[in-house]
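**Student:** The opening residue of the sequence shown carries number 1043 in this note's numbering; numbering runs sequentially from there.
Glycine included, each C-beta is placed from N, C-alpha and C at the ideal position.
Everything numeric in this text was worked out from a predicted model, so none of it was measured.
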Amino acid sequence: MENAKQVVIVGAGISGLACAYEIITRAEKDQLPVEVSIVEKSSYIGGKILTTHADPYTVEGGPDCFILEKPWALMLVREMDMEDQLVNTSSQASGTYIYSGRRLHRLPDGLIMMIPTKIIPFATSALISWPGKIRMGMDILIPRRRETGDESLASFVTRRLGKEALDKIAEPLVGGIHAGNPDNMSLLSTFPRFLEMEQQSGSLIRGMFARKKAMAEAMKKRPKTGAPPRTFFISLKEGMQQLTNALADRIGRERIATGVEVKTIQKTGSGFQLLTAGGQKLAADQIVMASEAFASAAMLDNFAPGLAASLRQIPYVSSSIVSLVFRRENIPHPLDTYGFIVPRIEGRKIMATTWSSIKWPHRAPDGKVLMRSFVGGAQQPELAELDDEKILALVRKELQDIIGITAEPEQVWINRWPRGMPQYVVGHQERLADIDRQVKEFPGLHLTGAGYRGIGVPDCINNARLTGQKVLADLS
Ligand SMILES: Cc1cc2nc3c(=O)[nH]c(=O)nc-3n(C[C@H](O)[C@H](O)[C@H](O)COP(=O)(O)OP(=O)(O)OC[C@H]3O[C@@H](n4cnc5c(N)ncnc54)[C@H](O)[C@@H]3O)c2cc1C
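Structure below.
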């Protein structure tokens, strides 16, 4: 296209891809002269989204699902004409176990995130002591916090529901989503809904009841489409990478250069020049940094050292996922939930294990069980870096102690994510405001990705598409 404006996106994770898709589809519709290209350091497209097909197993190396409550991933799946590829979590099991006091306890029915909404299952569960249960119930009486502003997850949960709820439920269940440390996790940036509930309803329990009621009303009013009902978490038949592959096809694979690392970015007259590790020079009118914040910092050091320094203040933690296949008869457990999570106070060496082929249909053949264990995170980052032999031995020992598996796994996959999980620590919103202010000093430069306004796949998609719209607005 002659005289087309050049947009270069750094990073072909879901954020870079969704941003490119947004720009390309809008530019095509409005016949705007815009060329988009994506430059990706690794050899494959998808970033943290990585599915391995090792027939007959489908193994997720990163995310294994997205939540329906945030609609942007579902919307994109629909735009890709892939709705028939969606899979619900299997109905052969439900919920999760929590490891506490050397045994697994079922998370009581009706406990949503960390908030009890059903009295009997909660009262009869042995997970929380009676003083702990009473303390959680006191949430109804405790006045809302007067000060506004950010607070750590630990401070918030201890204040409203007590220390036992923090240690046994909130830390592994809520903090675990970010592989984070509740002592410094920003509630405002990770679960602002909890703060809203407290402010609006004066109590989490009352707030959750109000929310359940509103959702039930909304469900009643929803037009009947004939579409099958969906579960809270959903995935795709061929795994999460089916989405990034479909996006890459829609964008045009010729526009995505893999195995090309951007080393540095320079400012030129009205645009930018990217220098790659291989010595290539790429010209751009607009640049979207869809790479991790620390990676973007390294590329921007040259012309925006202040911005680079601010980006480096967003910490990232490492984790590794060990996927294993066992024969069903070698697992002395009913496997009647989707897996178990392990609170840090238990002092164990895995954060959680998902029974993947129980959670998702057709991920392993009959008679075999595919499971994956999470190692590392903010609490024990050094464990994620152990070599393959040690990390496998560690996971096997934990699975032996927790669910009694002594057999050798039939197959093993290890996926490592060094500095793979951004941490929104207290003050994250102020850091973002500071970053936004500095980005404005460089017209044509944009940042998107998991490091900023939501780590989950749906949030990444939404923010990336908004960034794409901003690129087009800037160009026009
Ligand atoms: C183990 C794990 C499990 C998760 N589970 C879930 C889940 O179940 N559900 C959910 O919703 N979310 C989950 N998440 C979060 C979610 O997967 C990620 O936040 C999201 O995929 C990040 O997408 P992104 O495009 O922003 O970043 P990334 O996927 O990190 O993409 C950034 C890309 O930039 C590239 N890059 C970096 N530097 C350069 C350079 N110099 N030159 C060129 N390219 C460069 C990188 O190689 C990378 O491909 C999980 C994350 C992890 C790590």
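Contact defined as beta carbons within less than 8 Å: I believe ILE1157 pairs with ILE1065. What is the distance between those atoms, to the nearest angstrom?
**Tutor:** Not quite, the Cβ-Cβ distance comes to about 40 Å (not below 8 Å), so this is no contact.
**Student:** Pop quiz: MET1463 and HIS1147 are said to be a contact at Cβ under 8 Å. What is the actual Cβ separation, rounded to whole angstroms?
**Tutor:** At roughly 26 Å, the Cβ-Cβ gap does not stay under 8 Å, so MET1463 and HIS1147 are not in contact.
**Student:** Which residues does DSSP pair with GLU1077 in a beta bridge?
**Tutor:** GLU1077 is bridged to GLN1048.
**Student:** Could you tell me the boundaries of the beta strand (DSSP E) in which GLU1102 lies?
**Tutor:** It spans 1099–1102 - the beta strand (DSSP E) in which GLU1102 sits, taken as one unbroken run.
**Student:** Return yes when the Cβ of SER1365 is within less than 9 Å of the Cβ of GLU1189, no when it is not.
**Tutor:** Against a cut-off of 9 Å, the Cβ pair of SER1365 and GLU1189 comes out as no contact.
**Student:** Taking all protein chains shown into account, do 16 or more other C-beta atoms lie within 10 angstroms of the C-beta of TRP1172, making it buried, or fewer, making it exposed?
**Tutor:** TRP1172 is exposed by the Cβ-count criterion.
**Student:** Just to confirm before moving on: does the CB-CB distance between LEU1377 and TRP1397 stay below 9 Å?
**Tutor:** In contact: LEU1377 and TRP1397 (Cβ atoms closer than 9 Å).
**Student:** Taking 8 Å as the cut-off, does the segment 1455–1469 touch the segment 1477–1488 (at least 3 CB pairs, one atom from each stretch)?
**Tutor:** The segment 1477–1488 vs the segment 1455–1469: no contact.
**Student:** For ASP1097, does the count of other Cβ atoms within 10 angstroms reach 16, so buried, or fall short, so exposed?
**Tutor:** ASP1097 comes out exposed.
**Student:** Can you tell me whether DSSP reads GLN1480 as helix, strand or coil?
**Tutor:** Residue state, collapsed to three classes: helix.
**Student:** From THR1131 to LEU1116, what distance separates their C-alpha atoms?
**Tutor:** Cα-Cα distance, rounded: 15 Å.
**Student:** Suppose you measure from the CA of LEU1153 to the CA of ALA1168; what does that come to, to the nearest Å?
**Tutor:** Between LEU1153 and ALA1168, the C-alpha separation is close to 14 Å.
**Student:** At the level of alpha carbons, what is the spacing between GLY1281 and VAL1119?
**Tutor:** Cα to Cα, the separation comes out at about 13 Å.
**Student:** Based on Cα-Cα distance, which residue from ILE1087, SER1277, ALA1337 lies nearest to PRO1105?
**Tutor:** Comparing Cα positions, the closest option is SER1277.
**Student:** Label SER1338 either buried or exposed according to how many other C-beta atoms from any shown protein chain fall within 10 Å of its C-beta, with 16 as the threshold for buried.
**Tutor:** Buried, since its Cβ has 16 or more Cβ neighbours within 10 Å.
**Student:** Measure the C-alpha to C-alpha separation of GLU1077 and LEU1517 and round it to an integer number of angstroms.
**Tutor:** Approximately 12 Å between the Cα atoms of the pair.
**Student:** Which class does VAL1364 belong to by DSSP, given the choice of helix, strand or coil?
**Tutor:** VAL1364 falls in the strand class under three-state DSSP.
**Student:** Give the DSSP-derived three-state secondary structure of GLY992 in the structure shown.
**Tutor:** Only positions 1043 to 1518 of the chain appear in the structure, and residue 992 is not among them; the question remains open.
**Student:** Should GLY1104 be flagged as near chain D, meaning a C-beta pair shorter than 9 Å?
**Tutor:** Absent from the structure: chain D. Only one protein chain is present.
**Student:** Which of helix, strand or coil does DSSP assign to SER1415?
**Tutor:** In this structure, SER1415 counts as strand in the three-state DSSP scheme.
**Student:** Is the segment 1050–1066 close to the segment 1282–1294, with three or more CB pairs under 8 Å?
**Tutor:** Yes, the segment 1050–1066 is in contact with the segment 1282–1294.
**Student:** Return yes when at least one heavy atom of ligand 1 lies under 8 Å from the C-beta of PHE1233, else no.
**Tutor:** Flag unset: Cβ of PHE1233 not near ligand 1.
**Student:** Is there at least one non-hydrogen atom of ligand 1 closer than 8 Å to the beta-carbon of PHE1416?
**Tutor:** Indeed, a heavy atom of ligand 1 lies less than 8 Å from the Cβ.
**Student:** May I ask you to verify whether the segment 1443–1455 touches the segment 1369–1384, counting CB pairs closer than 8 Å and requiring at least 3?
**Tutor:** Enough Cβ pairs lie closer than 8 Å, so yes.
**Student:** Report the residue from ASN1223, GLU1193, GLY1244 whose alpha carbon sits nearest the alpha carbon of ASP1181.
**Tutor:** Nearest of ASN1223, GLU1193, GLY1244 to ASP1181, Cα basis: GLY1244.
**Student:** Determine whether the beta carbon atoms of GLY1409 and ALA1394 lie at a separation below 9 Å.
**Tutor:** In this structure, ALA1394 does not lie closer than 9 Å to GLY1409 by Cβ.
**Student:** What is the DSSP secondary structure of GLY1458, counted as helix, strand or coil?
**Tutor:** Just to set this straight, residue 1458 is Arg in the shown sequence, not Gly. DSSP places ARG1458 in strand when its eight states are reduced to three.
**Student:** Does any heavy atom of ligand 1 sit closer than 8 Å to the C-beta of PRO1500?
**Tutor:** PRO1500: yes, Cβ under 8 Å from ligand 1.
**Student:** Less than 7 Å between C-beta atoms, sequence neighbours within five positions excluded: which residues of the same chain meet that for GLU1303?
**Tutor:** LYS1083, THR1318, ALA1319.
**Student:** The alpha helix (DSSP H) with TYR1063 in it runs from where to where?
**Tutor:** First-last of the alpha helix (DSSP H) with TYR1063: 1056–1071.
**Student:** Just checking GLY1058 against ligand 1 - is the residue's beta carbon closer than 8 Å to any of the ligand's heavy atoms?
**Tutor:** For ligand 1, at least one heavy atom lies less than 8 Å from the Cβ of GLY1058.
**Student:** Quick check on DSSP: helix, strand or coil for ILE1154?
**Tutor:** ILE1154 falls in the strand class under three-state DSSP.
**Student:** Please return the same chain residues whose Cβ sits closer than 6 Å to the Cβ of ALA1426, not counting the five positions on each side in sequence.
**Tutor:** For ALA1426, where only same-chain residues beyond five positions count, the Cβ hits under 6 Å are SER1360, SER1361, SER1362, VAL1417, GLY1418.
**Student:** Please name the residue, chosen from VAL1330, PHE1345, ASP1476, that lies closest to ASN1505 on a Cα-to-Cα basis.
**Tutor:** If we check each option's Cα against that of ASN1505, VAL1330 comes out closest.
**Student:** Where VAL1199 and LEU1208 are concerned, what is the direct C-alpha to C-alpha distance, given to the nearest angstrom?
**Tutor:** VAL1199 and LEU1208: Cα-Cα distance of roughly 6 Å.
**Student:** What is the DSSP secondary structure of PRO1374, counted as helix, strand or coil?
**Tutor:** Of the three classes helix, strand and coil, the one that applies to PRO1374 here is coil, per DSSP.
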